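Enquirer: Residue numbers (this note's numbering): 15 to 266.
So this is what it looks like as structure tokens:
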């Protein structure tokens, strides 16, 4: 029971689970809803905290040419859901070119059972405009200094999507969630019977409180790929060391 209570705390505190004009954004959302994007993919991962199953992550992406759209749902399951109801949903729309992403729109909603929050980010020339239900905190970053950083869901899509073997372990992502900036890098591919594993680093850059920065700035993780039927390589697992132990995302 103690371990499961810790899981509930982790899910709540860490948030495992989290430039177009208005008319253009509306049209893009309608394209998503009507299924006019050409290529659709769906991924599901079980989430483990300290070895115990705590939730499920579902990621749906659609692409057409350079345009992409993504939806994510992270929720507690099983005993963890009985201890703490947690649900996080997000949507992102944007464009990519030669591995560089230009998000247009991002929105998220979270529900802990006791509190609901929401956030929307729109982009003009790479500059984020943030609207959110949470009151702004003094240590949060302002969007002005975070131009061309991507949203959290676009970063998740780039981490978890299928990719050619010769592009593995090369991601270098700079993200801004409307308050905090984080850098994510992947390097050092290693092959074994389990596939190809990348060494990753999640690094806090700014927008965190002094107490948060004292507790930790850099968090290592491992991302493991296996060959997929389509000839690309597919993420099988992501394992990250957090302040409260290991969190794992394992493909279903």
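Backbone N, C-alpha and C fix where the C-beta goes; we use that ideal spot for every residue, glycine too. This one's a predicted model, so the numbers in the text were calculated from it and none came from an experiment.
Would residue 107 and residue 118 be called neighbours here (beta carbons separated by less than 8 Å)?
Expert: Their beta carbons are under 8 Å apart, which means residue 107 touches residue 118 by this criterion.
Enquirer: Cα separation between residue 37 and residue 136?
Expert: At residue 37 the pLDDT is 41, less than 50, meaning the model places this residue with poor confidence; the figure from the coordinates comes in the next sentence. Using only the alpha carbons, I get a separation of about 12 Å.
Enquirer: List the whole-angstrom C-beta distance separating residue 57 from residue 174, where the pair is believed to meet the contact cut-off of C-beta under 8 Å.
Expert: Indeed, because the Cβ distance is near 6 Å, the residues count as touching under 8 Å.
Enquirer: From residue 94 to residue 69, what distance separates their C-alpha atoms?
Expert: Near 7 Å, if we compare the C-alpha coordinates of residue 69 and residue 94.
Enquirer: Give the DSSP bridge partners of residue 178, in chain order.
Expert: DSSP output for residue 178 lists no bridge partner at all.
Enquirer: Can you give the Cα-Cα distance for residue 48 and residue 145, rounded to whole angstroms?
Expert: Any reading at residue 48 is ruled out, since the residue's pLDDT is 49, under 50, leaving its predicted position unreliable.
Enquirer: Measuring alpha carbon to alpha carbon, tell me which of 102, 141, 131 and 256 ends up nearest residue 235.
Expert: Among 102, 141, 131 and 256, the Cα nearest to that of residue 235 belongs to 256.
Enquirer: Per DSSP, what are the beta-bridge partners of residue 143 in this structure?
Expert: Answer is 136.
Enquirer: Within the same chain, show all residues whose beta-carbon is closer than 6 Å to that of residue 54, passing over the 5 residues directly before and after it, in chain order.
Expert: If we look at residue 54 and ignore the five residues flanking it on each side, its Cβ neighbours are 76.
Enquirer: Using a Cβ-Cβ cut-off of 6 Å (strictly less than) and excluding sequence neighbours within five positions of residue 252, which residues of its own chain qualify?
Expert: Result list for residue 252: 237 and 263, in chain order.
Enquirer: With a CB to CB cut of under 7 Å and the five nearest residues on each side skipped, what residues in its chain are close to residue 196?
Expert: 189, 216, 217, 218 and 219.
Enquirer: Confirm, please, whether the CB-CB distance from residue 142 to residue 160 is below 8 Å.
Expert: For residue 160 and residue 142, yes; Cβs fall inside 8 Å.
Enquirer: Once you ignore the five residues that flank residue 229 on each side, which residues in its own chain have a CB closer than 8 Å to its CB?
Expert: 257.
Enquirer: Helix, strand or coil: how does DSSP classify residue 160 here?
Expert: Helix, per DSSP.
Enquirer: Taking DSSP as the reference, what is the three-state secondary structure of residue 245?
Expert: Looking at residue 245 - three-state DSSP - the assignment turns out to be coil, as it is neither helix nor strand.
Enquirer: With a Cβ-Cβ cutoff of 8 Å, do residue 81 and residue 120 count as a contact?
Expert: No, the pair does not count as a contact, with Cβ atoms beyond the cut-off.
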